[in-house]
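In what follows, a single structure is set out as C-alpha cells and then discussed.
In the UniProt record's numbering, the protein residues as written are 1 to 578.
So, in C-alpha cells, the structure goes:
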C-alpha cells in the first residue's frame, strides 16, 4: 500500500505563519487567477511576501527541509562532476552525496517533469531541499561560477591567438563575460571577478620564461589562479589592462601607474594598476579597492571587528579619544593601517565635530566624513591638501600617509594647535617611526609634544575552524622559533590541514596584532635625549606595551594561528632565544 501525504494549501500555510492575513490571501488568490500566475508569484510581485517566506512555506507544504545557503561554499568535487550548463538550466545546486543519492537545493519542488529529467541526466536519485531563489542565484553566480568561467577562458588561450581589442564595458558580470567575443577581454574580466569572489587584495600577472602566471594575494599570501598561460598572450593581457586603465599601450620601457573602475552587481569597485617592465616583458599588479565591502554591514567598520586583543583594544580606545595630538599607525603595505584608522574614526565620529581626510586614494567611503583624494597631476599633494583642510575648520584630520618632511611638519603643527590628527607612516616598529620623523629634520621637542600614541600593526592569518587539528612540534623546532618549552605556557598547537571551506589553504581570515606605544613623560624625555633603543623598549614594557612578537606568540598559545604563520609575520628576537 502506498500512503499519500495530504498537503496543506499554500495560502493556509502562509496565514498560519503570520506572513499574510485572510484578507490579503483573498486578494492574492484573485490576482493570481486574473494574471494566470501562481499564488507565490503573485505574493512576491505584490510585496506581501519574500522569496524566503515562499521557500519556507513550500518546504512545509511538500515536507522538505529548508536551507538558507548563507555563507554556503559549493563542493568543488561535486561541481566538477556536473556539466556547468545544467546548473542555471534547472536552477539547482548540489549540496552533498550519501547512500540515499545526491542532495540538491531547488527553488520549485512542483517542477516535477524538469526534476525527473535532471535525475535522468545525472543518473542518480535526487533528494530535495528548498531554498530562496535569490540565495540560490547568488551562489550560482558566485565563487564557483567565476572560477569555472576562468578555467574555460584559460583553455581558449591554449588553442587560439586572438588579436586584442580595445572595446570595454563598465559592467562586470558572468553574463557579460560569457557574451564577450574576445577571449582576451573575457580572461581579464573573469580574473577580476574571480579575484573578488576569492577575497583577493591584489592580482598579479607575472611573465616568465615558461609563460604567464596569474596569481591572487589572499590574506597576505600569493596563490596560483589558473594554469600557466602561453607566453604569446602576455602582451595582449597587459595591453588590455592598459586600455582599461587609460595607459599608453605603446610604451613598454618604463613603469606606468593607473586605475579603473567597474560595476559588479550593485557595487562600484576601484582597481589600482601598476605596470612594470621585466626581462620577459611587462608585469602587472592590480590592487582591488572594494570600498563598499568594509562598510556594507551595520557593525563592519569597528575596532571590535579587527580581532585585536581586549587589553590592547582598551588602551587603543583611550588613545583615539584624546582631545588633540597625533595618533600614528605604522606597518608594511597591506597590514591594514588604513582600515584601523577608519575603524577608529567611525568610533569617535560625532555630528558635533567635523572630520576631514586626505588620502591616496580614498579606499573606503564613510558617511559623514569629508574625504579628499590626492591628485598630484593637478597639484593636489598631501601637503597642499592638508593646508587647505586647516582652513576648513576641522576637529579631527586623517592624513593617509606622511611621505615627506613638509607633510610631516604641517601634520605636527595641526596636532599642536588643537586638532586630533590620525596618520600612517611606513616603518617596521614603533621605535623606527620615531627615527623616521627625526631623520626628516623634524624638531624632536615639537614631535614628542604632539605625539599621543604609535601603533605598529600586522595581520595574522587564523586557522580554518573547519579543518583545525592538533599538531606536535619537536623541541628543536620550538627552540629555533625562540620558544622556551620550560617557560612557555602549557598549550596545544594547531594547524589547518586544508578543506573546501578554506580552498585547501588551512587558514581562513586574518586578525590584527598591535604593538601599542602610549607616550608618557618618561618616554618623551628618552626620545628627546636620544636614549638607546634597549632602554626605551624596557620603559615601554613597564608602561604596558606588548611587542609584536609576544602578541603573535599569545595567539599561537591560544590555538588561533600556527607557528609557521607567526614566524612569517614577526621577527625572532635574539633575547627570546636566551
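Ideal Cβ placement from N, Cα and C applies to all residues, glycine included.
Sequence-distant residues of the same chain with beta carbon closer than 8 Å to residue i, five excluded per side
i	result
residue 321	348
residue 355	345, 349, 368, 369, 370, 394, 395, 396, 397, 398
residue 567	481
residue 457	329, 330, 331, 335, 336, 337, 340, 512, 513, 514, 515
residue 41	32
Beta-carbon contacts of residue i that lie in its chain and below 7 Å, excluding the five residues immediately before and after
i	result
residue 471	493, 494, 495
residue 587	Nothing can be reported for residue 587: it is not among the residues displayed for the chain, which extend from 1 to 578.
residue 561	460, 461, 462, 463, 555
residue 565	460, 461
residue 415	324, 325, 326, 421, 450
residue 378	none
Pairwise C-alpha distance: residue j and residue i
i	j	result
residue 307	residue 239	40 Å
residue 25	residue 118	33 Å
residue 251	residue 371	33 Å
residue 29	residue 39	6 Å
residue 388	residue 261	28 Å
residue 182	residue 263	19 Å
residue 97	residue 469	25 Å
residue 316	residue 126	54 Å
residue 46	residue 78	37 Å
residue 258	residue 192	16 Å
residue 364	residue 303	15 Å
residue 115	residue 500	27 Å
residue 525	residue 431	14 Å
residue 384	residue 247	26 Å
residue 184	residue 245	15 Å
residue 58	residue 95	19 Å
residue 288	residue 440	32 Å
residue 170	residue 382	Note that residue 170 scores 47 on pLDDT, short of 50, meaning its location in the model is unreliable and no value can be drawn from it.
residue 453	residue 319	6 Å
residue 203	residue 101	39 Å
Among the options, the one whose alpha carbon lies nearest that of residue i
i	options	result
residue 331	436, 14, 43	436
residue 360	271, 401, 368, 336	401
residue 71	136, 59, 552, 15	136
residue 18	35, 49, 44, 37	49
residue 419	445, 431, 391	391
residue 209	203, 280, 241, 193	280
residue 449	412, 433, 465	412
residue 428	563, 484, 74, 547	547
residue 233	205, 559, 94	205
residue 189	277, 241, 417	241
residue 466	503, 441, 231, 479	503
residue 343	305, 289, 311	305
residue 89	111, 95, 351, 373	111
residue 226	187, 55, 255, 253	187
residue 559	507, 522, 572, 124	507
residue 138	104, 197, 120	197
residue 63	201, 426, 109, 200	109
residue 521	386, 445, 277, 83	445
residue 542	529, 523, 530, 409	523
In DSSP terms, what residue i is bridged to
i	result
residue 32	Looking at the DSSP assignment, residue 32 forms no beta bridge with any residue, so it has no partner.
residue 268	263
residue 396	355, 420
residue 493	471
residue 455	329, 516
residue 277	282
residue 228	In DSSP, residue 228 forms no bridge with anything.
residue 207	212
residue 258	273
residue 361	Note: residue 361 sits in no beta bridge, so no partner.
residue 371	357
residue 101	98
residue 127	103
residue 93	105
Residues near residue i in its chain [Cβ-Cβ closer than 6 Å; skip 5 each side]
i	result
residue 122	none
residue 99	none
residue 222	215
residue 451	326, 519
residue 455	329, 514, 516
residue 43	28, 49
residue 583	Residue coverage of the chain in this structure runs from 1 to 578, which leaves residue 583 outside it and unanswerable.
residue 106	92, 128
residue 570	548, 549, 552
residue 54	40
### Query
Are at least three pairs of beta-carbons, each pair with one atom in the region 507–520 and one in the region 270–284, less than 8 Å apart?
no
### Query
With contact counted as at least three CB pairs below 8 Å, one residue from each stretch, are the region 62–79 and the region 122–132 in contact?
yes
### Query
Is the region 532–541 in contact with the region 324–341, if contact means three or more CB pairs nearer than 8 Å?
no
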